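> One structure, pasted below without further comment.
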Amino acid sequence: MELPLLHLALVGTPNSGKTSLFNALTGSRQKVANYPGVTVERKEGFFVTPLGRQVSVVDLPGTYSLRGRSPDEEITRDFVLGKASGETVPDLVLCVADSTNLRLTIRLLLELKRTGRPMILVLNMFDIAARRGVTVDVERLARELGVPVVTSIAVRKGGTADLLALTDEIAAKLAAEPQENSWRALSVAELRATQREADRIIADCVSLPSRPDTWTARIDAVVLHPFGGLIVLALILFVMFQAVFAWAQPLMELLNSGFDALGELVHATLPAGLLQSFLQNGVISGVGSVIVFLPQIIIIFLFILLLEDFGYMARAAFLMDRIMGGAGLHGRAFIPLLSSFACAIPGIMATRVIDNKRDRLTTILIAPLMTCSARIPVYTLIISAFIPAKEIWGFINLQGLVMFGLYAAGITSALAVSFLIKFFMLRDYAPAPFMLELPDYKMPRLKSIAIGVYTRAKMFLYRAGTTIFSMMVLIWFLASFPQPPAGATEPAIDFSLAAYIGKALEPLLAPVGFNWQIAVALIPGMAAREVAVAALGTVYAIEGGKEAAEQIGQVLATKWSLATALSMLAWYIFAPQCASTLAVIRRETGSWTWMAVTFSYMLVLAYAASFLTYNVAVALGAG
Amino acid sequence: MTDSNDTRSQMPLGLAQRGYTGVIQHLSAGDAGSALSDIELESRLIELGFVEGARVEVLHEGLVGRDPIAVRVDNITIAVRRREAMAIIVA
Numbered sequence: 001m002e003l004p005l006l007h008l009a010l011v012g013t014p015n016s017g018k019t020s021l022f023n024a025l026t027g028s029r030q031k032v033a034n035y036p037g038v039t040v041e042r043k044e045g046f047f048v049t050p051l052g053r054q055v056s057v058v059d060l061p062g063t064y065s066l067r068g069r070s071p072d073e074e075i076t077r078d079f080v081l082g083k084a085s086g087e088t089v090p091d092l093v094l095c096v097a098d099s100t101n102l103r104l105t106i107r108l109l110l111e112l113k114r115t116g117r118p119m120i121l122v123l124n125m126f127d128i129a130a131r132r133g134v135t136v137d138v139e140r141l142a143r144e145l146g147v148p149v150v151t152s153i154a155v156r157k158g159g160t161a162d163l164l165a166l167t168d169e170i171a172a173k174l175a176a177e178p179q180e181n182s183w184r185a186l187s188v189a190e191l192r193a194t195q196r197e198a199d200r201i202i203a204d205c206v207s208l209p210s211r212p213d214t215w216t217a218r219i220d221a222v223v224l225h226p227f228g229g230l231i232v233l234a235l236i237l238f239v240m241f242q243a244v245f246a247w248a249q250p251l252m253e254l255l256n257s258g259f260d261a262l263g264e265l266v267h268a269t270l271p272a273g274l275l276q277s278f279l280q281n282g283v284i285s286g287v288g289s290v291i292v293f294l295p296q297i298i299i300i301f302l303f304i305l306l307l308e309d310f311g312y313m314a315r316a317a318f319l320m321d322r323i324m325g326g327a328g329l330h331g332r333a334f335i336p337l338l339s340s341f342a343c344a345i346p347g348i349m350a351t352r353v354i355d356n357k358r359d360r361l362t363t364i365l366i367a368p369l370m371t372c373s374a375r376i377p378v379y380t381l382i383i384s385a386f387i388p389a390k391e392i393w394g395f396i397n398l399q400g401l402v403m404f405g406l407y408a409a410g411i412t413s414a415l416a417v418s419f420l421i422k423f424f425m426l427r428d429y430a431p432a433p434f435m436l437e438l439p440d441y442k443m444p445r446l447k448s449i450a451i452g453v454y455t456r457a458k459m460f461l462y463r464a465g466t467t468i469f470s471m472m473v474l475i476w477f478l479a480s481f482p483q484p485p486a487g488a489t490e491p492a493i494d495f496s497l498a499a500y501i502g503k504a505l506e507p508l509l510a511p512v513g514f515n516w517q518i519a520v521a522l523i524p525g526m527a528a529r530e531v532a533v534a535a536l537g538t539v540y541a542i543e544g545g546k547e548a549a550e551q552i553g554q555v556l557a558t559k560w561s562l563a564t565a566l567s568m569l570a571w572y573i574f575a576p577q578c579a580s581t582l583a584v585i586r587r588e589t590g591s592w593t594w595m596a597v598t599f600s601y602m603l604v605l606a607y608a609a610s611f612l613t614y615n616v617a618v619a620l621g622a623g
Numbered sequence: 001m002t003d004s005n006d007t008r009s010q011m012p013l014g015l016a017q018r019g020y021t022g023v024i025q026h027l028s029a030g031d032a033g034s035a036l037s038d039i040e041l042e043s044r045l046i047e048l049g050f051v052e053g054a055r056v057e058v059l060h061e062g063l064v065g066r067d068p069i070a071v072r073v074d075n076i077t078i079a080v081r082r083r084e085a086m087a088i089i090v091a
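Chains as they are written, first to last, in the UniProt record's numbering: chain A, 1 to 623; chain B, 1 to 91.
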C-alpha cells in the first residue's frame, strides 16, 4: 500500500544546526526557491523513512519566537499555523535544538506547543554536548515538556537513525489525535513567564558544565580583539580575494577557451549564416560569458559557507558593525559587499545572510557599485590608451592611481547611496538593532558544505540557462538584425537594430561626449561589461577582436578625445551595464520594481558623473 | 534575590566595562533610546535570554566607541549594541 506523503517542517533558533540536520536527512534531494512575493528562501527536501514512507521536509527560517518580526519569521509562523499561502500544513514539526544551548529553544518549543501541531524535539549536536559535559535526562525532559524528545548527531553517519524511527512511529498514529490551535502572540509578561518555565525545566533535566567552551574563548580572545580581530579579518579577506582572483583564474580561462573552442567548432561545422551566428555569438559566447564566473561563485560560496559553519560570520559582523553602521549598513552586509568586487551576482546572492529585509535590500541596491572584475578589461583598455604611464611624486604610477581612484569612487558612492537610502527611501522601516548570537565555534562539516555549494552552483547555472540566456538572445538579435545588404563593406553591426538604437541614442549621449559607436558598444555591453571591449573592436572594424585589445586602444586614442575617454570611465563606475546583475536583483528581491529602481538610479548617477567629467575635462582643454 | 545585590549599585549593562560580571535585575526598555518600541525591544531581549536572574559577563568590546559588546548570558554569547544594552539593568 502506498502511504501518503508526510510533510515535515524544521523549526529552530538560528545556529541550532537546523540546516545540517536538513542536509543530513535529505542529502542533495533539495529544491531551493522563494516563497511567493517575498525574498525569503524556501528550502524543501525529500527522503524515505526506514518503513518506506515518502517524506517532504521544509527547512523554515530560524527564529526565536513565533511573533514574526521579520518576513522570514512570518513565514515560519504562518507555515506552522498552516496559514502560508499555497503550503500544506505540516503533519509533524521537528523543533531542532543545539544540545549545548537549550534555553532559547525550549522557550520556543513551549510557544510552539500552543499551536497544537504534533511535534518532536530534536536534541541536535548531542555529541558536542556530551563532550562538553552537558548531560540531558531525555526521558524526564520529554515528560516535562509533553513532547517526544530524540537525540541526533546530524553530521555523523547514522546520527539521525533514532529520529527516523520515531518519525515512522509517530506518523503511524498521526490522524488519531487532532489538536486545537490555541496560539496567539505572547505578551511581554507571557514571554517572560515562558522563559522562566523553560529555565525551570532545564534546571530539572539538564546538567550544565561549570565552564564555557574553552576553545571558543581562546579563539575569541584573538578574533574579537578590537585591533587583533580586524587584522585577522583582513587576513581572511586577503586569502579569500586571492582565491577568487588567482585560484579561479586558470579554471575561468579553461572554461573560456572551452566555450571559444565550442564556438569555433560551430563556426567550422555550420555554413555561414544566421544559425551559425546565433549559436556562436548568441548562445555559446553569450551564456559562456556568464558561466565563466562559475569558478568564482563556487569559491566565494565555499568561503562564505565555511566561515558561516565555523561560526565566524557572526564575529565578522560584530567587528564591522559600527564601522559600517555610519553609512546605514548592517554588520552582516560586509561579506556580500566584498564578494561584489569579484562579481555582483554572488555578492547579491550572499545577501541572504542578512535577515532584516531593509538591510538586505540596501545591500542589494549598492552591491553593483562595487567595482566588479568585469569592469577591469574596460578600465585597463581605456587607461592604457589615454593615461600616460608616468610616475608622479617619484613613486606613484599614474595609471595605477587612476585605477585606484575608480575603485575608491565605487566604494564612496556605494556608501553615499546607502546613506541616502537610509534617510529618504526606507525611513518607515524600523532599523534592525544589532542583536546577534555569537555561537560557539564548530568544526565545519565537508558534506554539509559540499551540499550548500552544490545547491548555489545549481541555482546559478539554472539562472544562466533561463533568464540570462533569454537576455543574451535578445542582445544578439538586436546586434544582428537587419542583416547587411549583399556587398556591404562596413561591419555588419552598422546595419543592425543595435546601430539604429545607437544612432537614436546619440543625441542623448552627446552631452556626455559619447559618439554613436560607443552607444552601439554599450548595447552588447549589457550582456556583460567586458563585452563592450570586443564590441568597440567590431564597431571600429578592427580585425582580431578581443585578442587585439592593444590595437583597439591605439585606434581609440586617435578617435576619442581625452574628455570622452574619461567620461567613459566615469560612466563605467556607475552604469547598470549588466543584464545578469539586474536579472539576479529581480530574482532576489522578487520584484521588478527594485530592479527598475537599481537600473534607474545607477543610470542617473552614470549620466551625471559622465556629464560632469566630460564638461570639466573639455573646459580644462581636454576636449 | 540575594543579599549581595544590595551591596552593589544597579547600573545599565550598556555602561559596563569589559570583564564586568553581574546578574540581571530587571529590564527597562524605556531607558534605552533604541529605535525599537519598548515592547519590541523587551521581547527581543527576553528571546535572547536576557531575563531577570541571568548571569551576564561582558566578554568583548568593538573598536569604535567600544561598541558593540559581546555578552555571556548564562551559557550563550550575544552581541548587542550598548544602546540596546542600556535597557538591561544589572548589579
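No residue lacks a Cβ here, since even glycine has one placed at the ideal position from N, Cα and C.
If you're wondering where the values come from, they're calculated on a predicted model, not measured in any experiment.
Report the option in Ala617/A, Ala527/A and Tyr601/A whose CA atom is closest to the CA atom of Leu569/A.
The candidate whose alpha carbon is nearest that of Leu569/A is Ala617/A.
> On the DSSP letters alone, give me the boundaries of the alpha helix (DSSP H) that Thr581/A sits inside.
Per DSSP, Thr581/A belongs to the alpha helix (DSSP H) from Ala579 to Thr589.
> What does Arg196/A reach in chain B if we use C-beta pairs closer than 8 Å?
Near Arg196/A (Cβ distances below 8 Å), the residues of chain B are Val51.
> Taking only beta-carbon positions, decide if Tyr441/A is within less than 8 Å of chain B.
With 8 Å as the cut-off, Tyr441/A does not count as an interface residue toward chain B.
> Going by DSSP in three states, residue 644/A sits in which element: helix, strand or coil?
No statement about residue 644/A is possible, as the shown extent of chain A runs from 1 to 623 and does not include it.
> Would you say Met435/A lies against chain B (beta-carbon separation less than 8 Å)?
Yes - at least one Cβ of chain B is within 8 Å of the one on Met435/A.
> Within 10 Å of its beta-carbon, does Met86/B have 16 or more other beta-carbons around it, so buried, or fewer, so exposed?
It counts as buried.
> Select from the stretch 54 to 86 of chain A all residues with a C-beta closer than 8 Å to any C-beta belonging to chain B, and list them in chain order.
Those would be Tyr64, Ser65, Arg67 and Arg69, in chain order.
> Which first and last residues belong to the beta strand (DSSP E) in which Asn124/A is found?
Here the beta strand (DSSP E) through Asn124/A covers Met119 to Asn124.
> If we define contact as Cβ-Cβ less than 8 Å, is Phe477/A a contact residue for chain B?
For Phe477/A, the answer is no, since every Cβ of chain B falls outside 8 Å of its Cβ.
> What ranges does the alpha helix (DSSP H) occupy inside the stretch 315 to 343 of chain A, keeping only unbroken runs of at least 4 residues that lie completely in it?
With a minimum length of 4 residues, the continuous alpha helix (DSSP H) runs that stay inside the stretch 315 to 343 of chain A are 334 to 339.
> Cα separation between Tyr312/A and Gly502/A?
Rounded to the nearest angstrom, the two C-alpha atoms are 49 Å apart.
> In three-state terms, what does DSSP make of Phe310/A?
Helix, per DSSP.
> So, for Ala327/A: in the same chain, excluding its five sequence neighbours on each side, which residues have a beta-carbon less than 6 Å away from its beta-carbon?
Answer for Ala327/A: Leu415, Ser418 and Phe419, listed in chain order.
> Output yes if chain B places a C-beta closer than 8 Å to the C-beta of Val222/A; else output no.
No, no contact with chain B.
> Taking 8 Å as the threshold (C-beta atoms), are Ile585/A and Thr564/A in contact?
No, these two residues do not count as a Cβ contact at 8 Å.
> At 9 Å on the CB atoms, spell out the chain B contacts of Phe227/A, in chain order.
Those are Leu63, listed as they occur along chain B.
> Relative to the alpha-carbon of Tyr441/A, which residue among Pro507/A, Ala221/A, Asp137/A and Ala367/A has its alpha-carbon at the smallest distance?
Looking at the Cα atoms, Ala221/A is the closest of the given residues.
> Quick one: which chain B residues come within Cβ less than 7 Å of residue 627/A?
The shown model of chain A, from 1 to 623, leaves out residue 627/A, and the question about it has no answer.
> Could you tell me the alpha carbon to alpha carbon distance between Phe46/A and Val206/A, rounded to whole angstroms?
Cα to Cα, the separation comes out at about 33 Å.
> Please classify Pro507/A as buried or exposed, where buried requires at least 16 other C-beta atoms within 10 Å of its C-beta.
Exposed.
> Consider the Cβ of Thr21/B: report whether some Cβ of chain A lies at a distance smaller than 8 Å.
Taking Cβ atoms only, chain A never reaches closer than 8 Å to Thr21/B, which makes this a no.
> Let me confirm a value: His330/A is counted as buried when at least 16 other C-beta atoms fall within 10 Å, else exposed. Which label applies?
Buried, by the Cβ-count rule.
> Classify Val11/A as buried or exposed, calling it buried when 16 or more other Cβ atoms lie within 10 Å of its own Cβ.
Under this definition Val11/A is a buried residue.
> So that I know if they touch, is there some Cβ in chain B lying closer than 8 Å to that of Asn101/A?
Answer yes: the Cβ-Cβ gap between Asn101/A and chain B drops below 8 Å somewhere.
> Is Val188/A close to chain B, meaning its C-beta is less than 8 Å from at least one C-beta of that chain?
Closer than 8 Å to some Cβ of chain B, the Cβ of Val188/A qualifies, so yes.
> Please classify His60/B as buried or exposed, where buried requires at least 16 other C-beta atoms within 10 Å of its C-beta.
So His60/B ends up on the buried side.
> What does Leu48/B reach in chain A if we use C-beta pairs closer than 8 Å?
Residues of chain A passing the Cβ test: Tyr64, Leu104, Met435 and Glu437.
> Under the three-state reduction of DSSP, which class applies to Asp204/A: helix, strand or coil?
Residue state, collapsed to three classes: helix.
> Beta strand (DSSP E) containing Gly12/A: first to last residue?
Note, Gly12/A: beta strand (DSSP E), Leu6 to Gly12.
> For Leu319/A versus Leu230/A, is the C-beta spacing smaller than 8 Å?
Yes. Within cutoff.
> Grab the span of the beta strand (DSSP E) containing Leu92/A for me, first residue to last.
Leu92 to Asp98 is the span of the beta strand (DSSP E), which, as asked, contains Leu92/A.
> If I measure Cβ to Cβ from Asn15/A and keep anything under 7 Å in the same chain, skipping five residues before and after, which residues do I get?
Asp98, Glu437 and Pro439.
> Taking buried to mean at least 16 other C-beta atoms within 10 Å of its own C-beta, is Lys559/A buried or exposed?
It is exposed - the Cβ of Lys559/A has fewer than 16 other Cβ atoms within 10 Å.
> Classify Gln179/A as helix, strand or coil using the three-state DSSP reduction.
Correct three-state label for Gln179/A: coil.
> Rounded to whole angstroms, what's the CA-CA distance from Gly159/A to Glu139/A? Just pull it up for me.
Spanning the two alpha carbons is a distance of roughly 19 Å.
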